[in-house]
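Each remark here refers to the structure printed beneath this line.
There are 2 protein chains.
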Amino acid sequence: MNDILAYAETDPVLAENDDGAREAALRTELLVQQYELLAREDRAILFVVAGLDGAGKGSAVNLLNEWMDPRHIRTLAFGTPTPEELARPMMWRYWRELPARGRIGIVFGSWYQALFAQAARRARDEEALESMAAAVRRFEAMLVADHVQVVKLWFHLSRDAQRARCARLAANPDTAWRVSPDDLKVAKRFARLREAGERVIASTHAEPCPWIVVPSADDRFRAMRTGEVVLAALRTPPPAPSFAKPVKVADGRLDNLDYGDAAMKRGAYEKELMHWQARVGRAVRQARFGRRSLVLVFEGKDAAGKGGAIRRVGHALDVRQYRIVPISAPNDIERAHPYLWRFWQHAPTPGRVTIFDRSWYGRVLAERVERFASRRDWMRAYEEIDDFEAQWVAHGAILVKFWLSISDDEQLKRFREREKTAFKNFKITPDDWRNRRKGSQYRRAAADMLAHTDTPHAPWHVIATDDKRTARVQVLRTVAQALERALSTGDET
Amino acid sequence: MNDILAYAETDPVLAENDDGAREAALRTELLVQQYELLAREDRAILFVVAGLDGAGKGSAVNLLNEWMDPRHIRTLAFGTPTPEELARPMMWRYWRELPARGRIGIVFGSWYQALFAQAARRARDEEALESMAAAVRRFEAMLVADHVQVVKLWFHLSRDAQRARCARLAANPDTAWRVSPDDLKVAKRFARLREAGERVIASTHAEPCPWIVVPSADDRFRAMRTGEVVLAALRTPPPAPSFAKPVKVADGRLDNLDYGDAAMKRGAYEKELMHWQARVGRAVRQARFGRRSLVLVFEGKDAAGKGGAIRRVGHALDVRQYRIVPISAPNDIERAHPYLWRFWQHAPTPGRVTIFDRSWYGRVLAERVERFASRRDWMRAYEEIDDFEAQWVAHGAILVKFWLSISDDEQLKRFREREKTAFKNFKITPDDWRNRRKGSQYRRAAADMLAHTDTPHAPWHVIATDDKRTARVQVLRTVAQALERALSTGDET
Numbered sequence: 001m002n003d004i005l006a007y008a009e010t011d012p013v014l015a016e017n018d019d020g021a022r023e024a025a026l027r028t029e030l031l032v033q034q035y036e037l038l039a040r041e042d043r044a045i046l047f048v049v050a051g052l053d054g055a056g057k058g059s060a061v062n063l064l065n066e067w068m069d070p071r072h073i074r075t076l077a078f079g080t081p082t083p084e085e086l087a088r089p090m091m092w093r094y095w096r097e098l099p100a101r102g103r104i105g106i107v108f109g110s111w112y113q114a115l116f117a118q119a120a121r122r123a124r125d126e127e128a129l130e131s132m133a134a135a136v137r138r139f140e141a142m143l144v145a146d147h148v149q150v151v152k153l154w155f156h157l158s159r160d161a162q163r164a165r166c167a168r169l170a171a172n173p174d175t176a177w178r179v180s181p182d183d184l185k186v187a188k189r190f191a192r193l194r195e196a197g198e199r200v201i202a203s204t205h206a207e208p209c210p211w212i213v214v215p216s217a218d219d220r221f222r223a224m225r226t227g228e229v230v231l232a233a234l235r236t237p238p239p240a241p242s243f244a245k246p247v248k249v250a251d252g253r254l255d256n257l258d259y260g261d262a263a264m265k266r267g268a269y270e271k272e273l274m275h276w277q278a279r280v281g282r283a284v285r286q287a288r289f290g291r292r293s294l295v296l297v298f299e300g301k302d303a304a305g306k307g308g309a310i311r312r313v314g315h316a317l318d319v320r321q322y323r324i325v326p327i328s329a330p331n332d333i334e335r336a337h338p339y340l341w342r343f344w345q346h347a348p349t350p351g352r353v354t355i356f357d358r359s360w361y362g363r364v365l366a367e368r369v370e371r372f373a374s375r376r377d378w379m380r381a382y383e384e385i386d387d388f389e390a391q392w393v394a395h396g397a398i399l400v401k402f403w404l405s406i407s408d409d410e411q412l413k414r415f416r417e418r419e420k421t422a423f424k425n426f427k428i429t430p431d432d433w434r435n436r437r438k439g440s441q442y443r444r445a446a447a448d449m450l451a452h453t454d455t456p457h458a459p460w461h462v463i464a465t466d467d468k469r470t471a472r473v474q475v476l477r478t479v480a481q482a483l484e485r486a487l488s489t490g491d492e493t
Numbered sequence: 001m002n003d004i005l006a007y008a009e010t011d012p013v014l015a016e017n018d019d020g021a022r023e024a025a026l027r028t029e030l031l032v033q034q035y036e037l038l039a040r041e042d043r044a045i046l047f048v049v050a051g052l053d054g055a056g057k058g059s060a061v062n063l064l065n066e067w068m069d070p071r072h073i074r075t076l077a078f079g080t081p082t083p084e085e086l087a088r089p090m091m092w093r094y095w096r097e098l099p100a101r102g103r104i105g106i107v108f109g110s111w112y113q114a115l116f117a118q119a120a121r122r123a124r125d126e127e128a129l130e131s132m133a134a135a136v137r138r139f140e141a142m143l144v145a146d147h148v149q150v151v152k153l154w155f156h157l158s159r160d161a162q163r164a165r166c167a168r169l170a171a172n173p174d175t176a177w178r179v180s181p182d183d184l185k186v187a188k189r190f191a192r193l194r195e196a197g198e199r200v201i202a203s204t205h206a207e208p209c210p211w212i213v214v215p216s217a218d219d220r221f222r223a224m225r226t227g228e229v230v231l232a233a234l235r236t237p238p239p240a241p242s243f244a245k246p247v248k249v250a251d252g253r254l255d256n257l258d259y260g261d262a263a264m265k266r267g268a269y270e271k272e273l274m275h276w277q278a279r280v281g282r283a284v285r286q287a288r289f290g291r292r293s294l295v296l297v298f299e300g301k302d303a304a305g306k307g308g309a310i311r312r313v314g315h316a317l318d319v320r321q322y323r324i325v326p327i328s329a330p331n332d333i334e335r336a337h338p339y340l341w342r343f344w345q346h347a348p349t350p351g352r353v354t355i356f357d358r359s360w361y362g363r364v365l366a367e368r369v370e371r372f373a374s375r376r377d378w379m380r381a382y383e384e385i386d387d388f389e390a391q392w393v394a395h396g397a398i399l400v401k402f403w404l405s406i407s408d409d410e411q412l413k414r415f416r417e418r419e420k421t422a423f424k425n426f427k428i429t430p431d432d433w434r435n436r437r438k439g440s441q442y443r444r445a446a447a448d449m450l451a452h453t454d455t456p457h458a459p460w461h462v463i464a465t466d467d468k469r470t471a472r473v474q475v476l477r478t479v480a481q482a483l484e485r486a487l488s489t490g491d492e493t
């Protein structure tokens, strides 16, 4: 990339003989394409607006709202994080506002804010910058793979033109409000800001989301160019992101699992259970826990004992402090958003416990086996999930994942029991029997999941559940120990 | 009501010879009924938990979570309002968490918090108390009418038993955390708190949501009684709330509307429009507006010019400051919640503008005419909407409602135009033609709406839109004047 900003600094203007016919045609076509997007609902489009302050970003977006149907465009303006936003992992505020398929979002103050701030520092931390840029590239590639087209516009103009534009606006009482103190400081720091911009662009100018630089000195040129870029995006879906097949790794824990043969005695069970429940209870009432959060994930085959284990964990907690999130097939709204969107809605907040009864691992388990997800979709999910969990952990979440493993014989026994018992009858459906017949496929999916997503910050705990009592005690002990370790060291894992 | 709390103060205990069989039967039946509720999805149930501190409310709720399937129970604990909650009208935090049909919610720290605090004041303001109680009664009746069963439990015990219970818990290190400083103060202020409780109960003990007092001195008695109350609620839907037919009133504005015959000239239009846009723009940039909000409602027949008017309003504003909320038929999630739920999601926040393109008036317009809402549902909506708008206005919203009225001839002309023009073709559907044939029914519904919901705090502005230019200028002028009036007087209307 050879000085990507240079052309914009020639401050091109729209030719005088342009008589407005081009604008009229553009507007018609924008509207037509917008309604077609809305009718097809094959993807969402997110326009990321960035670039120099005082380059007319706000005016460009205003114009788009005027030229298109603004009822189906969401302008997302992010400023200083609110207390609500600060209480959650950094990307939460962007995730929750992602447009649904068929919709258009325009983002001001996007995930480039932090990156740009780092790039513009006098003592720039190159390593931090590159790690932030890599996170941004992964995020955007994931959005594109999940049917959110990301179109990035960088508004730029020469130093003189920037200064002249601000002066012109400031002189008119009806437009003076559009000039912020930051806008006026740009000319003085132009060289540094320009270099920072180049650095940000260079580090994030990658397929499937390259930057498009919009020369912004001339209002009409900027407007037409913006309109044309938007139109091109509406007309052309993004290229499918390249797809890295996960490296083969193996996890043998399920092969060698000891399901035990002796049932724990009731007396011992009650004593043990109460002991670990008390330790969990004490841990989450420590003042230190007020700056952390606990996220529990329960996965396992039908009848493996997820519900029973979750209930015993709940019993150790104040009911006002935790929330159980049962995950089943996504609803229409969820389906219209990227896969991880619905889990981000439940991002942990300080001092709270969130218990997922099934989770984001559905993609690499049921969705894989039942072919609800394409091969490329579930294969890329391993990396996306690692990334997603790392963000929650980095924000202080103590993440404990359980694979509850039941033997085939014991599962059969429990299915039959459920059919016989009146109030357990609700717990057994034809689906359960069908899933059981696909046992080997589920086993393979579980083994792959354990191999690919057993990370240091979010390890899996495999627990044999043929003896319910032993299993429940093990779950409580694992939670207690994870909490105590995390809270005693102040370590993030 | 003759001393409703007296029996609870006898501190009844469960008979010794009760051998657990009763509990087992209760648990089975609770689970069966819960799954049936989930399968039927005919209503949601909200348990309101209130009463003396230190009466074991938390333990009772914990037990319910243990006895039933906790994955389908949401415990909603409201404490001191968060900044996010304070930025919105008071009831927002309760609205947003209402359970969907089939689900159970348990509310701690409900809308009774404020009422109880007022009742317990030394210098109690009886008038304020009664007005709060009336609001609570209306809210609960509305919930019940909208398929949310409200079951209210008041936990109570004698002063001695309360003191003894707290002392017992405090003595054990594993339960000491459950005793709060407030719990310990109860005994000293017992008489006043008891009287305040009685006052709250008396003022809100009404069909369809009477209070049920749960004697709480004995853990097992409290548990069984709570379980039985919950079971009864699961088994028995609430009685249909009584239904007050709206008083007949008339609004003649639509009969005598002058649609004009001269079109505004382009030059005058542009000058006028810019003038009022600038005034709107200046008003919302005043510092005072930072403590208020602007809510615009646009209603009107198809092709009446809602979209065009909204776009002109948007042009006066910074695109980062406003949001357009287009309202169409509710989705499944919205349908599973009370009618006003989806509008509460967009409750205004300070300094922001929300523009509704169609609105909550759908219930008394399209839903009435198309018979999507029953007669009793749309008839009770007038009062509910007035109440709803009053809450937003009381929180600082400047609410301006437009009925854009187009003549039949002009509508026909616009429909034909739309069919001919490529990019307007999206704007006309068979539904539009069908609605047009129901013109007289819609006209009557609109007249009734104007008559019943034209309140001092949220008046309707009827605007003839046959001449688009005149109409748009009128809309902008109305908005500018409403803003200026509200901001200059500091008046809430």
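Just so you know, the sequences run in chain order P and H.
The UniProt record's numbering puts the first residue of the first sequence at 1, with every later residue one more than the last.
The UniProt record's numbering puts the first residue of the second sequence at 1, with every later residue one more than the last.
Beta carbons: idealized from backbone N, C-alpha and C, even for Gly.
field: Neighbourhood of Gly-281 (chain P) by C-beta distance below 6 Å, restricted to the same chain and skipping five residues each side
entry: Ala-316
task: My understanding is that Gly-58 (chain P) touches Arg-165 (chain P), with C-beta atoms under 8 Å, so please give their C-beta distance in whole angstroms.
output: Rounded, the Cβ-Cβ distance is 12 Å, inconsistent with contact.
query: Do you know offhand how far Gln-34 (chain H)'s Cα is from Leu-115 (chain P)'s?
result: 50 Å
task: Let me know the secondary structure DSSP gives Glu-492 (chain P) once reduced to three states.
output: Summary for Glu-492 (chain P): the model assigns pLDDT 46, below 50, so the residue's position carries little reliability; its value from the coordinates is reported in the next sentence. Assigned with DSSP and collapsed to three states, Glu-492 (chain P) falls in coil, not helix or strand.
task: Taking Phe-315 (chain P) as the query, report the chain H residues whose CB atoms sit under 9 Å from its CB, ordered along the chain.
output: The identity of residue 315 (chain P) in the sequence shown is His, whereas the question assumes Phe. In chain order: Asn-62, Asn-65 and Glu-66.
- request: Could you tell me the distance, in whole angstroms, from the CA atom of Ala-8 (chain H) to the CA atom of Leu-184 (chain H)?
  value: 19 Å
field: Alpha-carbon spacing of Thr-493 (chain P) relative to Leu-476 (chain P), whole angstroms
entry: Low per-residue confidence applies at Thr-493 (chain P): pLDDT is 42, beneath 50, and the placement is therefore not dependable, though the value from the model is reported in the following sentence. Roughly 18 Å between the two C-alpha positions.
- prompt: Exposed or buried, Asp-466 (chain P), counting other C-beta atoms within 10 Å across all chains shown (16 or more means buried)?
  reply: Counting Cβ neighbours within 10 Å, Asp-466 (chain P) comes out buried, since at least 16 surround it.
message: For Asp-261 (chain H), which residues in the same chain have their Cβ closer than 7 Å to its Cβ, ignoring the five residues on either side in sequence?
response: Closer than 7 Å at the Cβ level, and outside the excluded window around Asp-261 (chain H), lies no residue.
task: Count the CB pairs spanning the region 21 to 41 of chain P and the region 66 to 76 of chain P that are closer than 8 Å, and state whether there are at least three.
output: The region 21 to 41 of chain P makes contact with the region 66 to 76 of chain P: 3 or more CB pairs, one atom from each, lie closer than 8 Å.
- request: Taking all protein chains shown into account, decide if residue 524 (chain P) is buried (16 or more other Cβ within 10 angstroms of its Cβ) or exposed.
  value: Not covered by the structure: residue 524 (chain P). The range shown for chain P is 1 to 493.
query: So, do the region 86 to 104 of chain H and the region 244 to 264 of chain H have three or more beta carbon pairs nearer to each other than 8 Å?
result: no
field: Alpha-carbon to alpha-carbon, Glu-272 (chain P) and Met-1 (chain H)
entry: Low confidence applies here, because Met-1 (chain H) scores a pLDDT of 49, under 50, leaving its location unreliable and the question unanswered by this model.
- prompt: When the distance is taken between beta carbons, is Ala-50 (chain H) closer than 8 Å to Trp-154 (chain H)?
  reply: yes
- request: Closer than 7 Å by C-beta to Arg-163 (chain H): which residues in its own chain qualify, once you throw out the five before and the five after it? Chain order, please.
  value: Ala-187
- prompt: Do you know whose CA, among P:Tyr-259, P:Trp-341 and P:Ala-287, lies nearest Val-462 (chain P)'s CA?
  reply: Taking each of P:Tyr-259, P:Trp-341 and P:Ala-287 in turn and checking the Cα distance to Val-462 (chain P), the smallest one comes out for P:Tyr-259.
- request: Show which residues of chain H have a CB atom less than 7 Å away from the CB atom of Trp-177 (chain P).
  value: Arg-285
- prompt: Any C-beta of chain P sitting closer than 8 Å to the C-beta of Ala-278 (chain H)?
  reply: yes
message: Tell me the residue span of the alpha helix (DSSP H) that contains Lys-413 (chain H).
response: 408 to 420
message: Could you check whether Met-379 (chain H) and Lys-245 (chain H) sit closer than 8 Å to each other, using their CB atoms as the reference points?
response: yes
query: Using a beta-carbon distance below 8 Å, is Pro-348 (chain P) in contact with chain H?
result: no
field: Cβ pair Ser-407 (chain H), Arg-352 (chain H) closer than 8 Å
entry: no
field: Beta-carbon gap between Leu-129 (chain H) and Ala-119 (chain H) smaller than 8 Å
entry: yes
field: Neighbour flag for Pro-181 (chain H) against chain P, beta carbons, 8 Å
entry: no
message: Here's the rule I'm using: 16 or more other beta-carbon atoms within 10 Å means buried, otherwise exposed. How should Arg-371 (chain H) be labelled?
response: exposed
- prompt: So with Cβ pairs under 8 Å, would you call Phe-243 (chain P) a contact of chain H?
  reply: no
- request: Reducing DSSP to helix, strand and coil, say where Phe-108 (chain P) ends up.
  value: Residue state, collapsed to three classes: strand.
query: Are the region 324 to 341 of chain P and the region 438 to 456 of chain P touching, with three or more C-beta to C-beta distances below 8 Å?
result: no
query: Would you call the region 476 to 486 of chain P and the region 195 to 204 of chain H in contact, with 3 or more CB pairs under 8 Å?
result: no
message: Would Leu-157 (chain P) and Ala-217 (chain P) be called neighbours here (beta carbons separated by less than 8 Å)?
response: yes
- prompt: Any idea if Thr-453 (chain H) is buried or exposed, counting beta-carbon neighbours within 10 angstroms, 16 or more meaning buried?
  reply: Result: buried.
Distance between Lys-152 (chain P) and Ser-328 (chain P) (C-alpha atoms, nearest Å): 35 Å
- request: Starting from Pro-215 (chain H), follow its DSSP beta bridges and name the residues at the other end.
  value: H:His-156
- request: Counting only the same chain and skipping the five closest in sequence on each side, list residues whose C-beta sits under 8 Å from that of Glu-66 (chain P).
  value: Excluding positions up to five away in sequence, the list is empty.
task: Please name the residue, chosen from P:Arg-222, P:Arg-101, P:Trp-403 and P:Gly-362, that lies closest to Asp-42 (chain P) on a Cα-to-Cα basis.
output: P:Arg-101
query: Of all the CB atoms in chain P, is at least one closer than 8 Å to the CB of Val-319 (chain H)?
result: yes
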